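Below is one structure, written out as structure tokens; the observations come after it.
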Amino acid sequence: MKDQMDAAVALYDSELSLQAIGGELGLNPIKVSELLITAGVYESEVAEKVRDTFEEYRETQNYKEAILSTANALQLSKASVTSYLPYKKGVYFPSTAEKEKISVGAERQRRYRAMKRVNSSQTRRQDFVNFQKNLP
């Protein structure tokens, strides 16, 4: 991630747009803005408002609650709030960790993988039933 951040900063310093930087690095412009926010070189009114509101809630709430409170206060989605905050180096939790201790992205991945497993098992079950019906 450090290499991507350094490349994004260099391109940003040469006054390219987020879209253009994303094109150069093969990244989504939102990811580019997160890298630049983390590097401390990108500012916008919205990013500043999100950061200030988040930090205010963070004084009395855990990370996830502060994200949700910020989203509610500013009428943004959780994903939007996290996209305006710097990346936070942290521990990656195993799949058995409590939901409250994982990031929004990790939670989304868990749900996706669970649905994929359910869909896959239903497909296999149906294939087996169809197979049995075709036996002589």
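In the numbering used here, the protein residues as written are 1 to 136.
The beta carbon of each residue, even a glycine, is placed where N, CA and C say it ideally should be.
This structure is a prediction, so every number in the text was calculated from the model and none was measured.
Between the segment 67-75 and the segment 109-119, the count of C-beta pairs closer than 8 angstroms stays below three; the two stretches do not touch. Taking a contact as a CB-CB distance under 8 angstroms, the pair P86 and T53 does not count as one, their CB atoms being some 15 angstroms apart. The three-state reading of DSSP puts L74 in helix, counting H, G and I together. Collapsing the DSSP output to three states places Y112 in a helix.
Around the beta carbon of S120, a 10 Å sphere encloses fewer than 16 other beta carbons of the protein chains shown; the residue is thus reported as exposed. The beta-carbon separation of G22 and V32, rounded to 5 angstroms, stays under the 8 angstroms limit for a contact.
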